[in-house]
Every structure is written in C-alpha cells, then in structure tokens.
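Heads up: the structure comes next, in structure tokens.
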Amino acid sequence: MMSRTEEDFELELRSLAGVLNVGMTHLDNGDIDVVTLVVNTKDPSATQSVASQIASLYYPEAKVVVDGTSHLLSLQRQGPTRVAFVRADYDSKDGTCEVQLTIAGRVGIGRAGSGPLIGGAEATLSALRDLGYDIPFSLLTVTNVTNGRDWPVVVTLRSNSNSGDRFGIAKADDDMVSAAKATLDSLNRFLANGEGR
Numbered sequence: 059m060m061s062r063t064e065e066d067f068e069l070e071l072r073s074l075a076g077v078l079n080v081g082m083t084h085l086d087n088g089d090i091d092v093v094t095l096v097v098n099t100k101d102p103s104a105t106q107s108v109a110s111q112i113a114s115l116y117y118p119e120a121k122v123v124v125d126g127t128s129h130l131l132s133l134q135r136q137g138p139t140r141v142a143f144v145r146a147d148y149d150s151k152d153g154t155c156e157v158q159l160t161i162a163g164r165v166g167i168g169r170a171g172s173g174p175l176i177g178g179a180e181a182t183l184s185a186l187r188d189l190g191y192d193i194p195f196s197l198l199t200v201t202n203v204t205n206g207r208d209w210p211v212v213v214t215l216r217s218n219s220n221s222g223d224r225f226g227i228a229k230a231d232d233d234m235v236s237a238a239k240a241t242l243d244s245l246n247r248f249l250a251n252g253e254g255r
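Quick note on this note's numbering: the sequence shown kicks off at 59 and runs consecutively.
This is how it looks when you write it as structure tokens:
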C-alpha cells in the first residue's frame, strides 16, 4: 500500500508537463529505489532534471530514469501499415453494399446483399477476406445506438474459437459507412498484430 508521502510524490511527478506515466521500484525496507517516468516531450533531459529535484525532496537516494516516447513514434511510423477504408456504396435497386479497403497498395472489395446496415459490416468482412485475411469471427450484431439518424453504429463479432467477442463503434454520414468503419474498429488489434495473414 502506498504511503501518503509516496502518493504526494507520484502526484507531483505526474503533474510535470509531458509525463505520461510514473513507475516506482522499492528497496526491501520500503524506500523508493528507482523512479521511471515515461514522457512525451522534446527535451526529456529537462523533465529528468526537474523530476530529480522533486525526488531529492521526498526520496534523496532514489534514482530518476526518464524514458522518452519519441523513438516509439518513429517505430510506429515504420511499423506495419494498416487496413484503410476507401469507400462504400449501396445499390438500392438490388439492396447490395460494396465496400473497398486497401493496405500496402492492394485493394480488397467485398459485397453483401443484406441492406445498408448489416450489409456494410458483411461487405467489410468480405473485403478483408479479399485482401487475404482469415477472419476467425462471425457477425453477431449490427445496431444503431438509437433509432434516429446521425448516431453511431455498434458492431459485435463473435469469435469462432470462443476467444471473446470483438466490439467496434463508428459514426459516419450514413449507417452503411458507419457499419463498415465499426467493423474495422472491432478488428483493429487483430489486424494490427498481423493475425489472420
């Protein structure tokens, strides 16, 4: 359990500009050994200097380590590309939706004939399969948050292997685009981790 002094110390560190997270390791006697700050600033050394001054008031023996996130952003930019929504069209004559997605210059097109709401989600899953993804989920529900227009759509995907449902929510100009984007939202982590490829 944290002492009041430790709580105050952490609060002061968290209030520094650019501090995203604070971690502490303790010695056997309960004193703080190392304080690690995760920061998003242009000058992490300035944050370390101020944090060291604060630490000297509370725990003079504690070592302050600052981990900047700028290197993570560069890694993220170099990381895998993401599946992007391109467009969605609904043909009211035959009730079919067509969704187009892209990743790394490749285009996937999916079609479904279930109307604009369910069809938008089904066509998105079909477009992902067209891109070569093996999607181990089936469409469970596609619902509007309310019965009015201009409200988000929620998509629920059921795992085929009982590993948990996926939920996505999105709001766009119409229900079909909202359903397509909510389907992508529900699969963000799955697709970003390269699963299903």
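From the three backbone atoms N, C-alpha and C, an ideal C-beta is built for every residue, glycine too.
Comparing C-alpha positions only, which one of the options sits nearest to residue i?
i      : options                           : result
PHE195 : VAL211, ARG216, LEU71 and PRO210  : ARG216
LEU71  : VAL93, HIS84, ASP89 and GLY88     : VAL93
ASP152 : ALA170, GLY252 and ARG164         : ALA170
VAL144 : LYS239, ALA104, THR201 and ALA250 : LYS239
Return the CA-CA distance between residue i and residue j, expressed in angstroms with no decimal places.
i      : j      : result
LEU133 : ASN98  : Unreliable positioning characterises LEU133 in this predicted model, as indicated by a pLDDT of 47, which lies under 50. A coordinate reading is not provided.
GLY166 : TYR191 : 10 Å
ASP243 : GLU68  : 34 Å
PHE248 : ASN87  : 43 Å
THR203 : VAL213 : Thr is not the amino acid found at residue 203; the sequence shown has Val there. Straight-line Cα distance between these residues: approximately 10 Å.
SER172 : LEU78  : 45 Å
ASN220 : ALA120 : 46 Å
ALA109 : GLY226 : 39 Å
HIS84  : ALA230 : 49 Å
At which residues does the beta strand (DSSP E) containing residue i begin and terminate?
i      : result
VAL96  : 90-97
VAL200 : 195-202
Buried or exposed: where does residue i fall if 16 or more other Cβ atoms within 10 Å of its Cβ makes it buried?
i      : result
ALA228 : buried
Starting from residue i and walking both ways along the alpha helix (DSSP H), at which residues does that stretch end?
i      : result
VAL235 : 233-244
ILE176 : 173-188
ARG62  : 62-72
So, are the CB atoms of residue i and residue j less than 9 Å apart?
i      : j      : result
GLN106 : LEU115 : no
LEU197 : ALA179 : yes
PRO256 : ASP232 : In the structure displayed, the chain extends from 59 to 255; residue 256 sits before or after that span and is not available.
ASP188 : GLY168 : yes
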